[in-house]
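J.:
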Amino acid sequence: MKKILLTGLISVALMADYTISYQFEEDDEISVIDMMQYKNDKNIKLSYHYNNDSNIFPKRGLYVINGIRYSVEENDNNLTYRGVTQYGDMIDDCQANPNPFFRVIKKLEKEYIAGFEGEIWLVESKEDGVREQEKIVVSSNKELVQAVKTYFNTIKNFGEGAYGQEFDAEFQSMFMVAEGYVLIAAKGIELYKFEQNEIVPSTFELPKEAKKVVEVIENSEDDEV
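Using our numbering, the letters of the sequence shown map in sequence onto residues 25 to 249.
#1: Looking at I137 and I208, is the spacing between their C-beta atoms short of 8 Å?
#2: Are D58 and Y46 closer than 8 Å when you measure CB to CB?
#3: Kindly indicate which residue of Y62, I80 and F176 has the alpha-carbon position closest to the one of Y190.
#4: Below 8 Å, can you find three or more Cβ-Cβ pairs linking the segment 221-229 to the segment 48-57?
#5: Looking at the secondary structure, which residues open and close the beta strand (DSSP E) in which V172 lies?
#6: Near N219, what residues of its chain come up, given a Cβ to Cβ distance below 6 Å and the 5 sequence neighbours on each side ignored?
#7: According to DSSP, is S197 helix, strand or coil?
#8: Give the single residue among K236, L215, L70 and I179 whose Cα lies nearest to the Cα of F81.
#9: Run through the DSSP bridge pairs and tell me what G188 is partnered with.
#10: Under three-state DSSP, which class holds F140?
#11: Looking at C-alpha atoms only, which residue of F199, I92, F126 and K217 is the closest neighbour of Q157?
#12: Would the beta-carbon of Y87 be found less than 7 Å away from any heavy atom of the ligand ZN?
#13: Which residue marks the beginning of the beta strand (DSSP E) containing K217, and which one marks its end?
#14: Would you mind working out which of K83, A210 and D41 sits nearest N67, comparing C-alpha positions?
#15: Which full runs of the beta strand (DSSP E) of 3+ residues lie inside the segment 63-135, going along the chain?
#16: Using a Cβ-Cβ cutoff of less than 6 Å, which residues in the same chain neighbour E222 once the five nearest sequence positions on both sides are dropped?
#17: List the residues that DSSP assigns as beta-bridge partners of F48.
#18: Looking at the unbroken beta strand (DSSP E) that takes in I223, where does it start and where does it end?
#19: In this structure, how does DSSP classify V238 when only helix, strand and coil are distinguished?
#20: Let me make sure I understand the geometry here. Which of S78, A171, D100 and K63 has the alpha-carbon closest to that of I89?
#21: Give the straight-line distance between the Cα atoms of K131 and S78, rounded to the nearest whole angstrom.
#22: Is DSSP giving K159 helix, strand or coil here?
See the structure below:
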């Protein structure tokens with residue numbers, strides 16, 4: 025009986041909906057909130073909004089609906105959608121980079137970010153040939169680590185994030201700092217929210233008013249008769 029109950033609790037935990045979002049500073053006044061809403065591996069939505077937007081759940085974004093990828097765009101208040109070519113099998117298993125972006129120099133005290141106890145690490149990184157030391161905050165919370173892995177699995181399969189950030193191993197390594205640890209704060213980046221609450225099913229549906237983009241393939245001169 026105990027085994028059955030334990031299995032049921034684990035299943036519920038793994039099936040729980042959650043929302044994870046990071047804040048990226050663009051300048052002193054404007055920042056972007058990049059968000060992933062997750063129901064299961066085949067139903068995910070990536071979106072973003074600015075910190076001063078009144079609508080924090082825009083319809084534009086990247087959708088995974090029953091395992092199929094879509095991009096929804098908004099221009100002049102008109103929504104359009106198109107299918108997205110698959111970059112790989114859905115939800116690969118992202119691992120820590122064997123050549124990490126951050127090299128850990130020293131582990132310091134603790135700090136709370138978005139309700140999570142984090143560890144402050146003094147690290148060194150090299151970008152464009154320039155070495156720099158900074159303090160970052162990381163977390164080993166298992167649910168958060170898994171959520172960040174899923175976030176990067178998803179943008180890896182799209183080839184980019186919701187507001188156009190390109191996926192590459194270096195970008196991933198910045199967040200998956202070391203095995204079992206993920207970034208929750210650094211210069212210009214901070215975990216904004218991670219909560220496990222039920223998400224309404226309509227979140228994972230294409231907006232009804234969105235029109236499908238019809239791609240027209242023009243014939244080249246060589247094909248003309």
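Note that the Cβ used here is the ideal one computed from N, Cα and C, for glycine as well.
On a predicted model such as this, the values are computed, not experimentally measured, just so you know.
T.: Short version:
#1: Against a cut-off of 8 Å, the Cβ pair of I137 and I208 comes out as a contact.
#2: For D58 and Y46, yes; Cβs fall inside 8 Å.
#3: Contrary to the premise, residue 190 reads as Glu rather than Tyr in this sequence. Nearest option by C-alpha distance: F176.
#4: Under the three-pair Cβ rule at 8 Å, the segment 221-229 does not count as touching the segment 48-57.
#5: DSSP places V172 outside any beta strand (DSSP E); the residue lies instead in the alpha helix (DSSP H), whose first and last residues are K166 to F182.
#6: Looking at the sequence itself, residue 219 is Glu, so the reference to Asn does not match. Close CB contacts of E219 within its chain, under the 6 Å cut and outside five residues either way in sequence, are with T43 (chain order).
#7: DSSP places S197 in helix when its eight states are reduced to three.
#8: Ranked by Cα distance from F81, the options K236, L215, L70 and I179 are led by L70.
#9: Answer is none; G188 lacks a bridge partner.
#10: Strand.
#11: Of the candidates F199, I92, F126 and K217, F126 places its Cα closest to the Cα of Q157.
#12: You won't find the ligand ZN in this model; it holds no ligand whatsoever.
#13: In the DSSP assignment, K217 falls within the unbroken beta strand (DSSP E) covering I213 to E219.
#14: Cα-wise, what sits closest to N67 is D41.
#15: Those beta strand (DSSP E) runs which fall completely within the segment 63-135 and span 3+ residues are 67-74, 85-89, 92-99 and 102-107.
#16: D41.
#17: F48 is bridged to V56 and I213.
#18: I223 -> no beta strand (DSSP E), and no H or E assigned at all.
#19: It is coil, neither helix nor strand.
#20: Nearest to I89 by C-alpha distance, out of S78, A171, D100 and K63, is K63.
#21: The straight-line gap from Cα to Cα measures roughly 39 Å.
#22: Residue state, collapsed to three classes: strand.
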